[in-house]
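**Student:** Below is the structure I would like to discuss, written out as structure tokens.
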Amino acid sequence: MATKVLMEALSPTMEEGRVVEWLKAEGETVKAGDVLAEVETDKAVMELQARADGVLRKILAPAGSTVPVGDLVAVIAGPDEDISALLEQRRPATRSQEPAARTQPRAPETKVTPAPAPPAAVTGGQPERADRIKASPLARRLARERGLDLALISGSGPGGRIVKRDLERIEAARPAIPAAIPAAAYRDVPLTQMRKTIARRLVESLGPVPHFFLTVEVDMERAWDAREALNALGEEPRISINDIILKVVATALTRHPECNAWWQGDHIRYFNEVHLGMAVAIEDGLITPVLRNAERKSLREIALEARDLAERARARKLKPEEYTGSTFSVSNLGMLGIDEFTAVINPPEAGIIAVGAVTQQPVVHNGSVTVRRRMRLTMSCDHRVIDGATGARFLQTVKRMLENPLALVW
Amino acid sequence: MSQDLEVVGLGRIPYTEALELQRRLAKERIEKRRKNDLLLLVEHPPVVTLGRGFRPEHLSTPQALLQARGIEVHEIERGGDVTFHGPGQLVGYPIFDLTEHRTDLHWFLRQLEQALIVALEEFGIEAGRREGYTGVWVLDRKIASIGIHVRQWVTWHGFALNVTTDLSYFDLIVPCGIPGVRMTSIQKELEEKAPRDLWARTLESVVLGFAQVFGQRPQMVPLEEVAEAIT
Chain A
28 MATKVLMEAL SPTMEEGRVV EWLKAEGETV KAGDVLAEVE TDKAVMELQA RADGVLRKIL
88 APAGSTVPVG DLVAVIAGPD EDISALLEQR RPATRSQEPA ARTQPRAPET KVTPAPAPPA
148 AVTGGQPERA DRIKASPLAR RLARERGLDL ALISGSGPGG RIVKRDLERI EAARPAIPAA
208 IPAAAYRDVP LTQMRKTIAR RLVESLGPVP HFFLTVEVDM ERAWDAREAL NALGEEPRIS
268 INDIILKVVA TALTRHPECN AWWQGDHIRY FNEVHLGMAV AIEDGLITPV LRNAERKSLR
328 EIALEARDLA ERARARKLKP EEYTGSTFSV SNLGMLGIDE FTAVINPPEA GIIAVGAVTQ
388 QPVVHNGSVT VRRRMRLTMS CDHRVIDGAT GARFLQTVKR MLENPLALVW
Chain B
11 MSQDLEVVGL GRIPYTEALE LQRRLAKERI EKRRKNDLLL LVEHPPVVTL GRGFRPEHLS
71 TPQALLQARG IEVHEIERGG DVTFHGPGQL VGYPIFDLTE HRTDLHWFLR QLEQALIVAL
131 EEFGIEAGRR EGYTGVWVLD RKIASIGIHV RQWVTWHGFA LNVTTDLSYF DLIVPCGIPG
191 VRMTSIQKEL EEKAPRDLWA RTLESVVLGF AQVFGQRPQM VPLEEVAEAI T
């Protein structure tokens with residue numbers, strides 16, 4: 028089967044890469060893992076590897092050319108396989124959709140970039156394409172002058188023809204476009220001079236990551252009851268207290284994105300998604316598999332996935348991408364009978380919550396002393412990112428949700 | 011993530027020996043035969059290296075003339091253009107498995123810059139970046155060059171930080187292919203304020219800079235542990 032060789036993203040911020048050199052020639056037999064070419068971005072050269080066995084049938088991006096990420100650079104196929112369909116479909120796909128998608132992550136800081144595609148007439152791929160778009164000669168000229176791609180503009184003239192006013196409408200809408208682009212997965216916030224100074228001073232006094240700790244005691248009666256009720260339904264998987272805590276922390280982080288962040292040395296990266304690390308003790312150490320997009324998962328999904336990750340972590344079968352990239356972590360030693368502890372932050376994350384055991388304690392409740400299930404949570408915060416009150420507000424939300432589990436569905 | 015960073019001081023060794031060692035260690039890291047990231051620290055006899063972005067006009071002196079002056083010339087696989095290594099320059103080769111950090115080469119380049127910026131703060135030198143020009147700069151003067159190569163997300167090659175480098179060597183080339191760039195060194199920035207143990211203190215602050223920026227614990231590893239190949 029024919030396999031496309033695409034320009035790989037060597038970085039989320041990479042928009043295009045330069046093909047430095049082809050190490051395989053057209054017609055050469057290649058095996059999966061063979062180095063096909065070298066690609067350069069900035070001052071880094073990365074080897075582009077074959078992902079399938081076959082014959083390198085066609086090189087579309089010669090050495091020295093610069094290619095947008097995701098574009099076809101070569102085709103690997105059987106020696107006699109027909110690859111013409113693959114070669115034909117490449118142009119429209121890369122031109123009309125990919126450029127828009129690629130600029131998204133940088134959208135908040137970039138001004139509107141005119142559509143990067145050059146006028147179709149000079150791309151060589153499909154010279155007839157621009158002609159098929161209905162547009163007035165004036166609109167064509169204006170589009171060319173202003174660097175707008177007619178293929179991306181809808182026409183309001185007769186028969187959908189693009190006319191001058193359509194271009195004016197696009198021009199007028201330009202400043203509004205960044206807001207319309209869907210939110211990126213994160214936003215980078217430059218450090219203020221004060222943040223820098225605080226960071227440096229704290230580092231000097233406390234070591235590489237300046238931790239501080241916040242502890243809160245949580246009444247777990249209602250979470251306990253909720254879990255019992257759910258498990259009484261007899262459905263798999265059974266829900267653990269830890270699953271509920273993971274779900275609560277993920278939900279609380281969406282309300283406190285200021286705690287869902289990475290310290291990046293010269294800026295702080297705030298994530299719009301929650302990738303929750305869950306520390307798992309393994310034979311000779313500890314590993315933190317990641318529940319991706321935990322904020323979008325149901326309690327049931329979290330329970331299933333957490334179980335699977337923990338089992339595979341103990342069997343040492345996790346793939347690297349399954350234990351990297353978390354934005355916040357939870358460590359639970361409750362099942363080992365630890366009442367309270369402090370966990371060490373997993374840099375560059377800014378916080379971790381240490382979960383103690385649920386124990387029955389005499390407490391004053393509604394004016395009388397009763398025995399209730401209680402649990403202690405201790406959050407370690409990187410002071411360069413999270414200040415005391417910020418961490419406290421987040422922990423309050425976690426506490427409130429655990430004490431009122433219905434908040435999860437509210 | 012690799013929690014420990016194994017730091018190896020190689021002393022002054024020829025460029026080709028260091029390159030062979032890097033390639034071997036990178037291979038071992040790719041094959042997961044090494045569980046930690048490594049940082050090799052080294053000083054080279056005078057050598058000019060031509061990276062993958064090299065353009066012949068950026069070598070302003072004919073190769074034969076360079077060789078006559080005892081300067082080796084090597085074409086190599088790292089990104090970037092032409093650069094010079096020589097005595098007084100601290101060269102660092104990070105062999106990092108980026109799948110354990112972030113599979114993001116731009117991020118890694120920025121992290122390398124940050125580690126050096128942090129290291130230079132130790133001497134009160136305010137260094138920074140220049141948009142579009144990878145490397146570390148003191149205003150418009152370049153103090154460190156960076157260029158890496160990556161296979162299966164494992165890096166080699168790295169950075170070259172001028173400590174007490176004889177900067178006149180750079181007149182023989184167009185450093186990094188940027189015409190008119192001025193090079194500087196820690197010694198030159200500090201002048202008489204440079205501490206007497208500048209080299210040792212630079213080594214130390216670079217290692218600490220890496221530890222801070224990558225969140226790893228540096229472990230000094232004796233040469234023999236990684237370098238049976240070097241004779």
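Chains A and B, in that order, give the protein sequences.
So the mapping is simple: our numbering equals the position in the first sequence, first residue as 1, plus 27.
So the mapping is simple: our numbering equals the position in the second sequence, first residue as 1, plus 10.
Note that beta-carbon positions come from the ideal geometry of N, C-alpha and C, so glycine has one too.
What residue range is occupied by the uninterrupted beta strand (DSSP E) comprising Arg403 (chain A)?
**Tutor:** Ser395 to Asp409
**Student:** Mind checking whether Thr354 (chain A) and Asn287 (chain A) have CB atoms under 7 Å apart?
**Tutor:** yes
**Student:** Is the beta carbon of His294 (chain A) closer than 7 Å to that of Leu218 (chain A)?
**Tutor:** yes
**Student:** Tell me whether the beta-carbon of Leu257 (chain A) lies closer than 7 Å to the beta-carbon of Ile266 (chain A).
**Tutor:** It is a contact, given that the beta carbons lie within the stated cut-off.
**Student:** Could you tell me which of A:Asp98, A:Leu404, A:Ile271 and A:Arg214 sits nearest to Phe368 (chain A), measuring between CA atoms?
**Tutor:** Minimum Cα distance to Phe368 (chain A) is reached at A:Leu404.
**Student:** Measure how close the beta-carbons of Leu100 (chain B) and Leu171 (chain B) come, nearest whole angstrom, since I'm counting them as under 8 Å.
**Tutor:** 5 Å
**Student:** Taking Thr59 (chain B) as the query, report the chain A residues whose CB atoms sit under 7 Å from its CB, ordered along the chain.
**Tutor:** Going along chain A, no residue has its Cβ under 7 Å from Thr59 (chain B), so there is no contact; the nearest lies around 13 Å.
**Student:** Against chain A, which members of the segment 103-118 of chain B pass a CB distance test of less than 9 Å?
**Tutor:** Asp107, Thr109, Glu110, His111, Arg112, Thr113, Asp114, Leu115, His116, Trp117 and Phe118
**Student:** State the start and end residues of the unbroken beta strand (DSSP E) segment that holds Gly44 (chain A).
**Tutor:** Glu43 to Trp49
**Student:** Which residues does DSSP list as the beta-bridge partners of Thr93 (chain B)?
**Tutor:** B:Thr59
**Student:** Any chance the CB of Ala29 (chain A) is under 6 Å from a heavy atom of the ligand FMN?
**Tutor:** Ligands in the displayed structure: none, and consequently the ligand FMN is not present.
**Student:** At the level of alpha carbons, what is the spacing between Thr424 (chain A) and Asn320 (chain A)?
**Tutor:** Straight-line Cα distance between these residues: approximately 19 Å.
**Student:** Using 8 Å as the threshold, is the segment 375-392 of chain A in touch with the segment 407-417 of chain A, meaning 3 or more CB pairs across them?
**Tutor:** yes
**Student:** Going by the beta-carbon positions, is the gap between Ala330 (chain A) and Pro375 (chain A) smaller than 7 Å?
**Tutor:** no
**Student:** Closer than 7 Å, CB to CB, is Val83 (chain B) near chain A or not?
**Tutor:** no
**Student:** Mark Leu20 (chain B) as exposed unless 16 or more other C-beta atoms lie within 10 angstroms of its C-beta, in which case mark it buried.
**Tutor:** buried
**Student:** For the segment 339-368 of chain A, list every residue whose C-beta sits within 8 Å of some C-beta in chain B, in sequence order.
**Tutor:** Pro347, Glu348, Thr351 and Gly352
**Student:** Roughly how many angstroms separate the alpha carbons of Ala147 (chain A) and Tyr179 (chain B), rounded to a whole number?
**Tutor:** Note that Ala147 (chain A) scores 32 on pLDDT, short of 50, meaning its location in the model is unreliable and no value can be drawn from it.
**Student:** Excluding sequence positions up to five away, which residues of its chain have a Cβ less than 6 Å from the Cβ of Thr281 (chain A)?
**Tutor:** Glu322
**Student:** Roughly how many angstroms lie between the CA atoms of Arg227 (chain B) and Glu348 (chain A), to the nearest whole one?
**Tutor:** 22 Å
**Student:** Quick check: the segment 70-81 of chain B against the segment 111-130 of chain B, are at least 3 beta-carbon pairs closer than 8 Å?
**Tutor:** no
**Student:** Assign Ser183 (chain A) to one of two classes, buried (16 or more other C-beta atoms within 10 Å of its C-beta) or exposed (fewer than that).
**Tutor:** exposed
**Student:** Using a Cβ cut-off of 8 Å, which residues of the segment 49-81 of chain A contact any Cβ in chain B, in chain order?
**Tutor:** Val62, Glu65, Glu67, Thr68, Asp69, Lys70, Ala71, Val72, Met73, Glu74 and Gln76
**Student:** Using 10 angstroms around the beta-carbon of Pro209 (chain A), count the other beta-carbons present and answer buried if the total reaches 16, otherwise exposed.
**Tutor:** Interpretation of Pro209 (chain A) is limited by its pLDDT of 43, a score under 50 that renders its predicted location unreliable; the figure taken from the coordinates is listed afterwards. Its Cβ having fewer than 16 others within 10 Å, Pro209 (chain A) is exposed.
**Student:** Hey, could you find the ends of the beta strand (DSSP E) Gly81 (chain A) is sitting in?
**Tutor:** Unbroken beta strand (DSSP E) run through Gly81 (chain A): Gly81 to Ile86.
**Student:** List the DSSP bridge partners of His84 (chain B).
**Tutor:** B:Thr59
**Student:** Do you know offhand how far Val139 (chain A)'s Cα is from Leu360 (chain A)'s?
**Tutor:** Model confidence at Val139 (chain A) stands at a pLDDT of 34, short of 50, so the residue's coordinates are unreliable; what they give is reported in the following sentence. Those two C-alpha atoms are separated by around 50 Å.
**Student:** Alpha carbons only, please: which of A:Ile271, A:Leu318 and A:Ala101 is nearest the one belonging to Leu87 (chain A)?
**Tutor:** A:Ala101
**Student:** Just mark Phe240 (chain A) as buried or exposed, buried being the case when its beta carbon has 16 or more other beta carbons within 10 Å.
**Tutor:** Phe240 (chain A) comes out exposed.
**Student:** Straight-line CA distance for Pro55 (chain B) to His167 (chain B)?
**Tutor:** 17 Å
**Student:** Using a beta-carbon distance cut-off of less than 7 Å, what residues from the segment 144-178 of chain B approach chain A?
**Tutor:** Thr144, Ile156, Gly157, Ile158, His159, Val160 and Arg161
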